[in-house]
Every structure is written in C-alpha cells, then in structure tokens.
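Structure first, commentary second.
Number of protein chains: 2
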Amino acid sequence: MPDIDKSLIIKNISKHITLDNNEEKHFLSILKPQKIKKKAFLLKEGDICRATAFVINGCMKSFTVDKNGFERVLNFAPVDWWTADMFSLISQRAAILNIQAIADTQLLLLSKQDQEALYFQIPKFERFFRIIIEKSLVAHQMRVLDGLSLTAEQRYIKFCEKYPQLWNQLPQKEIASYIGVTPEFFSKMKRNMD
Amino acid sequence: MPDIDKSLIIKNISKHITLDNNEEKHFLSILKPQKIKKKAFLLKEGDICRATAFVINGCMKSFTVDKNGFERVLNFAPVDWWTADMFSLISQRAAILNIQAIADTQLLLLSKQDQEALYFQIPKFERFFRIIIEKSLVAHQMRVLDGLSLTAEQRYIKFCEKYPQLWNQLPQKEIASYIGVTPEFFSKMKRNMD
DNA sequence: CGTCTATTTGAATGTACTCAAAAGCGGTGG
DNA sequence: CCACCGCTTTTGAGTACATTCAAATAGACG
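Line by line, the protein sequences are chains A and B.
Using my numbering, read the first sequence as starting at 14 and increasing by one per residue.
Using my numbering, read the second sequence as starting at 14 and increasing by one per residue.
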C-alpha cells in the first residue's frame, strides 16, 4: 500500500511558517495517517477529541444534533483544511461536535500530546496554529454576523463562495443544514433563485 | 491623576501563563492606558486596527452596520475582556467592525507592533494569546450553532448567561441587535416571557 | 429490481419583520 | 424645577420569510 502524500500538509504549513529539513522530517514523523470511509465518524458527541486532523483527500463535516434531532453543520473540511472539536481538544472534556466523513477520506492526525510537545520543540508551530486559529475565528465572526443580518438566500450565496468545490457536490440537505434552513425550504428557495 | 489599576490585567494573564517579575514589569511597560467616553469609538469600520484592547472598567461593544443601516452586535467587552477587530489586526486592512464604548471606559492598549515583539521576547505570550483566541473561537462556534437552531427567546437566555453583568444594564435595542431581532420584536418577546 | 434516502410540492401555521403611531424616559437649557 | 427634545420602548395591523406535516417523485445503491 502506497504511502499517503504528505507534500500537501507541508505546503499548507509553509503558507505561514518556514521549516528547515529537520523540522519538516520531525513533523512528518509524528503524523498518523488515517483512512476513513464515507459516513464513518472521526469523533462523536461525548467523545474526547485527542487529535487535530488535516484532510489530504475526501471531505469531512462537523455538526451537532439539536433537540429536535436535526443536524446543524458547523463546517465542512474539504481537502487542505484542518478539523477538530476545539472545545474538546483544549479542555479534554466531552465533545460537542460530531465529525463525520462525507466521502472516503484520508487524514493526517496530529495528537494533542504531540501537538503540545511540538510547541516546545519547535515554537514556530505555536505561531502556525495561532495564525490558523485567528483566521478561523475571523471566519466564524463573519458567519455570526451573516446569521444576524442575511436572509437564507444570501447565506447560501456566501456558502457557495466559501466552498466553491462543494456547492454542487453535496446533498442539498447538508447545505440546508449549514445555512440553517429546512431541506424543504431550501428546495423551494433554489427554485426561485436561478 | 492616579494611575490606572493594572493588577486586573496581570490576573487575567495569570489564568493561562505564569510571569516572573521582570516579564510582568516589561509587559506593563508597553501597555498604553486610554480613557474613552461613552459613545466614543475606539475603531471605526474602514480604519486599520493597530492594537488589542483590554477593558479595565466600563464596557465596549463591537458591531457592523448592515445594508439596511441596522447595527449588528458581534460582542460586548465588559470588564476583564479583550477586544479588537481580529481581521484588521492580523491583515492590517480596513476594519469590518466598529468598536465603541457603551459607558465611560478605561482601556489598556497593546499595539500590534509590541504584541509581535512580545511573542519573540517572551514566547509565553504567544501561548497566552493562542489560548484566549482558541476560547474565543469556541465561543463563536457555539454562537453560530445557536443561531442555526435556537429561537430568539432561547438566544436571549444564552445572552443573559454569557453576560450576567449586562443583561439588565443595557438598552434593549443593543440586546436585540446582539441576538439578531428587531427592537420591536424583542419588546414583544419579553412581554410574553416571564 | 426493490428499498432507502433525498428532493419536490402544497397547504396550513408560526416566527419575526415592516411601518406607523403613541407612550415613556433621560438629559439639557431656560 | 420644569418643559422640551431626542431617543428608546411599546403596541398594533399587515406582511414576509421560513417551518411543519403530509404526500408524491426522483435518485442512489446494493
């Protein structure tokens, strides 16, 4: 079985910090590849999240289930994205999120333990994760504001801009769940859009 | 004029990292106190955000103005909270947010320049800010999910839990703007709650 | 091919908004 | 101290956006 292609994750990290050969080698050595089949769970609500995952191919989604049993998608993680339940990862308490594969997916896992050791061994990584978390925070702030002022149709347009690789590839009910409407309403909305 | 009380910010930081005397002294030396009158702006949409602010007393709010001219409150920053336009701060591009005092407020400002120098001089601070940004990210993720599945009334209850010191101290229209409803609807909603 | 899930459609309902107007409230100047 | 001004809050009627429930249709996959 051929090794997973790790050049993508190096390219991803190189956007924000520069690694020398040793650092790169060490970093790659602590990553654990994991294949996960469509619909399988990387994390279930109530589990403890013990790693941060990077998507090599395929796609993941993270969501909660509300009291009416509806899935509420927090976000999708297509190729070249990171995903984790940040709450559970930092507190080591029961996860709020489910993280599930929406296609057969290859991941590289960085365990919490290794990640924290990495911060000491190569402080640049603390910088790297600070920066991507800052960006994620900004994205979530924007989404909060969008939720306060945009209609479902405008939120759908934003979704398409954010995930151009996904908008025509995902079951509609997933998109509906992300923008926060029922599948029925989403269907009617699309009909009236063109 | 008496000096601003800086013990609060040291206590805030000590929640996550431990500073020795020199580090504490250096950190305090780079903070710039600023008083800001009720309704005055720390940052206006379009400005470049050049500092992170810590609230010693009073209260700030950050918000956007949507295309219909409505304020949309992203969050409040009461005593012991940090506030900034993260997008503008990290990119040094035009701010999306307005940051305004909702009471006479005393701030301690940490300039972007000093903050980045601090990361090199005392790497613990990179850890500190990574941790508080992680927590802020989790809070915003929860708020996104709340926006997807909760009614206005339930969002109001969450608001009261998040800001127990504010819920009965703020003009209703500010709260309405935070939970994402019109002041008129908020008024009717409250009448029906009890 | 049959089963299961996703999507579409329609009718009735509910939640929240718009617009307009009245009432309350706080600060300021006479 | 009171009167006035501006802003916030309340109230009501009509409307728009989105949901619920039910049923029909279409697609995916073994």
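The beta-carbon is built from N, C-alpha and C at its ideal position, and this holds for glycine as well.
*Step through the CB atoms of chain A and report whether any lies within less than 8 Å of the CB of Met99(B).*
What you label residue 99(B) is simply residue 86 of the second sequence in a count that begins at 1. So, interface residue.
_Less than 8 Å between the beta carbons of Arg63(A) and Lys137(A), yes or no?_
Along the first sequence, read from residue 1 onward, the residue named residue 63(A) stands at position 50. Along the first sequence, read from residue 1 onward, the residue named residue 137(A) stands at position 124. Contact: no.
*Would you decide whether Met14(A) is buried or exposed? Buried here means 16 or more other CB atoms lie within 10 Å of its CB.*
In the first sequence, the residue the question calls residue 14(A) occupies position 1. For Met14(A), the pLDDT reaches just 49, beneath the cut-off of 50, and the residue's location in the model is therefore unreliable, leaving the point undetermined.
*Starting from the Cα of Asn25(A), find the closest Cα among Arg204(A), Ile145(A) and Glu187(A) and give me that residue.*
Within the first sequence, the letter at position 12 stands for residue 25(A). The shortest Cα separation from Asn25(A) among Arg204(A), Ile145(A) and Glu187(A) belongs to Ile145(A).
_Give me the chain A residues within the contact set of Phe142(B), using Cβ-Cβ distance strictly less than 7 Å, ordered along the chain._
Walking along the second sequence from the start, residue 142(B) turns up at place 129. Near Phe142(B) (Cβ distances below 7 Å), the residues of chain A are Arg143.
_Could you compute how far the alpha carbon of Val151(B) sits from the alpha carbon of Leu150(A)?_
Reading the second sequence from its first residue, position 138 is the one you call residue 151(B). Reading the first sequence from its first residue, position 137 is the one you call residue 150(A). If you take the alpha carbons of Val151(B) and Leu150(A), they lie about 8 Å apart.
*Run the CB neighbour count on Asp98(B), radius 10 Å, all protein chains shown included, and call it buried at 16 or more, exposed below.*
Residue mapping note: residue 98(B) aligns to position 85 of the second sequence, counting from 1. Asp98(B) comes out buried.
*Going along chain A in order, which residues have a C-beta closer than 7 Å to the C-beta of Asp79(B)?*
By one-based count along the second sequence, residue 79(B) stands at place 66. Ser162, listed in chain order.
*Mind pulling the alpha helix (DSSP H) runs of 4 or more residues that sit fully within the segment 22-92 of chain A?*
34-43
*Using a cut-off of 7 Å between C-beta atoms, extract the partners of Phe40(B) located in chain A.*
The residue you call residue 40(B) lines up with position 27 of the second sequence. Within 7 Å Cβ-Cβ: nothing; Phe40(B) doesn't reach chain A, min ~18 Å.
_Is the beta carbon of Thr65(B) closer than 8 Å to that of Leu131(B)?_
Looking up residue 131(B) in the second sequence gives position 118. Looking up residue 65(B) in the second sequence gives position 52. No, the pair does not count as a contact, with Cβ atoms beyond the cut-off.
*asked:* I'd like to know if Arg168(B) contacts chain A, where contact means its C-beta is closer than 8 Å to some C-beta of that chain.
replied: Here residue 168(B) refers to the residue found at position 155 when the second sequence is read from its first residue. No, Arg168(B) does not count as interfacial toward chain A.
*Identify the residues that DSSP records as bridge partners of Ala107(A): which are they?*
Along the first sequence, read from residue 1 onward, the residue named residue 107(A) stands at position 94. Looking at the DSSP assignment, Ala107(A) forms a beta bridge with Ile61(A).
*On the three-state DSSP scale, how would you describe Ile112(A)?*
Position 99 of the first sequence, counting from 1, holds the residue named residue 112(A). In this structure, Ile112(A) counts as strand in the three-state DSSP scheme.
*asked:* Classify Ala90(B): buried if its beta carbon has 16 or more other beta carbons within 10 angstroms, exposed otherwise.
replied: Working through the second sequence from its first residue, we reach residue 90(B) at position 77. Per the 10 Å Cβ criterion, buried.
*Report the rounded CA-to-CA distance for Ile49(B) versus Lys186(A), giving the unit in angstroms.*
Position 36 of the second sequence, counted from the start, is the residue given in the question as residue 49(B). Position 173 of the first sequence, counted from the start, is the residue given in the question as residue 186(A). Going from the Cα of Ile49(B) to the Cα of Lys186(A) covers about 48 Å.
*According to DSSP, residues forming a beta bridge with Gln119(B)*: In the second sequence, counting from the first residue as 1, residue 119(B) sits at position 106. Answer is Lys48(B) and Asn70(B).
*If you measure from the beta carbon of Glu174(B) to each beta carbon in chain A, is any gap under 8 Å?*
The residue labelled residue 174(B) in the question sits at position 161 within the second sequence. With 8 Å as the cut-off, Glu174(B) does not count as an interface residue toward chain A.
*For Lys57(B), collect the residues of the same chain with a Cβ closer than 6 Å to its Cβ; drop the 5 residues on either side in sequence, then sort them by chain order.*
For the purposes of this step, residue 57(B) is taken as the residue at position 44 of the second sequence. Asn111.
*So Ala130(B) is in the alpha helix (DSSP H); what residue range does that whole segment cover?*
In the second sequence, residue 130(B) corresponds to position 117, counting from 1. Annotation: the continuous alpha helix (DSSP H) that includes Ala130(B) extends over Lys125 to Gln134.
*asked:* As a quick exercise: from Gly71(A), Lys80(A), Leu102(A) and Leu163(A), pick the residue whose alpha carbon is nearest that of Ala114(A).
replied: Reading the first sequence from its first residue, position 101 is the one you call residue 114(A). Measuring from the Cα of Ala114(A), the nearest candidate turns out to be Gly71(A).
_Contact set between the segment 125-159 of chain A and chain B, restricted to residues whose Cβ is under 8 Å from the partner_ = Tyr132, Pro136, Glu139, Arg140, Phe142, Arg143, Ile144, Ile146, Glu147, Lys148, Ser149, Leu150, Val151, His153, Gln154, Met155, Arg156, Val157 and Leu158
_Residues bridged to Thr96(B) [DSSP beta-bridge criterion]_ = Counting from 1 along the second sequence, the entry for residue 96(B) is found at position 83. BP columns for Thr96(B) point to Ala66(B).
*Does the beta carbon of Met14(B) come closer than 8 Å to any beta carbon on chain A?*
Here residue 14(B) is taken as the residue at index 1 of the second sequence, counted from 1. Note that Met14(B) scores a pLDDT of 49, beneath 50, so its modelled location is shaky; the value from the coordinates is reported in the next line. So, not an interface residue.
*Helix, strand or coil for Leu179(B) per DSSP?*
The residue given as residue 179(B) occupies position 166 in the second sequence. In the structure shown, Leu179(B) sits in coil (DSSP, three-state: anything other than H, G, I, E or B).
*Pull out every residue of the segment 58-70 of chain B whose Cβ sits closer than 8 Å to any Cβ of chain A, in chain order.*
none
*Ignore the nearest five residues each way along the sequence and tell me which others in Phe141(A)'s own chain have a CB closer than 7 Å to its CB.*
Along the first sequence, one-based indexing puts residue 141(A) at 128. Answer for Phe141(A): Ile26, His29 and Ile30, listed in chain order.
_Short-range partners of chain A found in the segment 83-94 of chain B, where Cβ spacing is below 9 Å_ = Within the segment 83-94 of chain B, the residues whose Cβ lies closer than 9 Å to some Cβ of chain A are Phe83, Arg85, Val86, Leu87 and Asn88, listed in chain order.
*Using a C-beta to C-beta distance shorter than 9 Å, which residues of chain A count as neighbours of Ile103(B)?*
The residue labelled residue 103(B) in the question sits at position 90 within the second sequence. Within chain A, the residues whose beta carbon sits less than 9 Å from that of Ile103(B) are Ile144, Glu147, Lys148 and Val151, listed in sequence order.
*Report yes if the C-beta distance between Val157(B) and Val157(A) is below 8 Å; otherwise report no.*
As a position in the second sequence, residue 157(B) is number 144, starting the count at 1. As a position in the first sequence, residue 157(A) is number 144, starting the count at 1. Yes; because the gap between Cβ atoms is below 8 Å, this pair is in contact.
_Integer Cβ distance of Ile22(A) from Leu121(A), believed to fall under 8 Å_ = On the first sequence, position 9 is the one that residue 22(A) refers to. On the first sequence, position 108 is the one that residue 121(A) refers to. Contact annotation, Ile22(A) with Leu121(A): C-beta distance approximately 6 Å; criterion of less than 8 Å satisfied.
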